[in-house]
């Protein structure tokens, strides 16, 4: 064989080896959830605008996933790379205040013609990479409160930039990612209590001096959701009606009256779980939650085989990110949490969040190519077993 043909053959073998390292169960379930969201969008108005656009986003996201899965991501361990990712993410958030588009009262989007990009989605993934890098280098001494404060400062800068847009929901996601990664990295009970005390104190300050009236209304509506169903509590009220009206087996695809007749706002993004539950009922919603649980389990399972603490922490951070989005989205759809305008992974309409979600999975698959041979239980105990 010639040198050229040998080179091509080696590339083909490398590509095949990369595909063998893909967790096809994880990818398949993520794609099934995306198709469930697509079907829900299409059931309202027939061949809807959102349906056609989402098909394109799903195709692009799948391509991004496979491209990411064949890349060697060990370069993310470099401090300079992580630093530049953080600087770019923070800069994009700053630029929003100058050239960002305002949507539903928040200046959270860059709009380029018919395309929109939400930098907070990128900030969430970058924060995971940054914290994975930071904690992986200081894993043994993580109990030192100094590292908790320094990592908290990194997260706080992004938190403030997102909060001031104002995007309270995305800011909470960033906080939960930081808190979750601190917990899995190892933290003492006294430091944990200190964090919660600081959080309560911060909330008091935010309530008194920072929160705007409509944000306070959302929180008060959470406590008394039926006090203003024609105003700030309207969305939550219609969402709970949609979920409840689905009953056991649902009304059937295309027969969701709350959503199809436009009583349920933002059904393709913020309230897609409620729209899905109305048409598929309790059984369908339960199956969806089982699929999400398996996805999270597969992510964590892959994380514990990471080649180093960095890869393990990245996988755990990704699971924390998805779990937080799911809890907040479902919670606000069933009236247990305030309406914060958050999407649910793989299912809600939108390009930026969907691409970055599949990118996160693709990075995790790329890391599987050089995973460590250490016993999975030993790796697990190294992280979750040291919380005391």
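Numbering (the working numbering), first residue to last: 965 to 1352. Ideal Cβ placement from N, Cα and C applies to all residues, glycine included. Only a predicted model underlies this, so the values are computations on that prediction, with no experimental measurement involved.
For the pair of segments examined, the region 985 to 1002 was found to touch the region 1016 to 1035: the number of CB pairs separated by less than 8 Å reaches three. Look at the beta carbons and you see the region 1315 to 1332 touching the region 1023 to 1036: at least three pairs across the two are nearer than 8 Å. Cβ contact annotation for residue 1293 (same chain, cutoff 7 Å, sequence separation greater than five): 1237, 1306, 1307, 1308, in chain order. Secondary structure of residue 1213 (DSSP, three-state): coil. One thing to note: residue 1142 has its Cβ no nearer than 8 Å to the Cβ of residue 1076. Leaving aside the five residues that flank residue 1304 on each side, the residues in its chain whose CB is nearer than 7 Å to its CB run, in chain order, 1132, 1133, 1136, 1292, 1296.
Per DSSP, residue 1235 lies in no alpha helix (DSSP H) and is assigned neither H nor E. For residue 1298, the CB contacts under 7 Å within the same chain, skipping 5 residues up- and downstream, are 1204, 1207 in chain order. Residue 1100: member of the alpha helix (DSSP H) spanning 1083 to 1101, first to last residue. Taken through DSSP and simplified to helix, strand or coil, residue 1053 comes out as helix. Comparing alpha-carbon positions, the option among 1125, 1034, 1111 lying closest to residue 1149 turns out to be 1111. At a Cβ-Cβ threshold of 8 Å, residue 1122 and residue 1147 do not count as neighbours. Taking a C-beta distance under 8 Å as the contact criterion, residue 1065 and residue 1330 do not qualify as a contact pair.
Under the three-state reduction of DSSP output, residue 1079 falls in the strand class. In this structure, the straight-line span from the alpha carbon of residue 1155 to that of residue 1072 is close to 33 Å.
The beta carbons of residue 1285 and residue 993 sit about 17 Å from each other, so the pair does not count as a contact at 8 Å.
Under the DSSP definition of a beta bridge, residue 1265 lacks any partner. For residue 1018, the enclosing alpha helix (DSSP H) covers residues 1013 to 1033. The beta-carbon separation of residue 1212 and residue 1268, rounded to 37 Å, does not stay under the 8 Å limit for a contact. Residue pairing by DSSP leaves residue 988 without any beta bridge partner. Counting only unbroken stretches of 3 or more residues, no beta strand (DSSP E) element lies wholly within the region 1274 to 1347. Between residue 1209 and residue 1230, the C-beta gap is not smaller than 8 Å, which leaves the two residues out of contact. The residue from 1279, 1138, 1273, 1130 with its alpha-carbon nearest to that of residue 1265 is 1279. The beta carbon of residue 1080 lies closer than 6 Å to those of 1073 in the same chain, with the five residues before and after it left out. The beta carbon of residue 1262 is closer than 8 Å to those of 987, 989, 990, 993 in its chain, skipping five residues each way along the sequence. Burial is judged here by how many other beta carbons sit within 10 angstroms of a residue's own beta carbon; residue 1058 has fewer than 16 and is exposed. Leaving aside the five residues that flank residue 1014 on each side, the residues in its chain whose CB is nearer than 6 Å to its CB run, in chain order, 1005, 1232, 1313. Residue environment: residue 1048 is assigned as exposed (fewer than 16 neighbouring CB atoms within 10 Å of its CB, all protein chains considered). Residue 1074 is bridged by DSSP to 1081. For residue 1110, the enclosing alpha helix (DSSP H) starts and ends at 1109 to 1127.
Measuring C-alpha to C-alpha distances from residue 1125 to each of 1056, 1275, 1276 identifies 1056 as the nearest.
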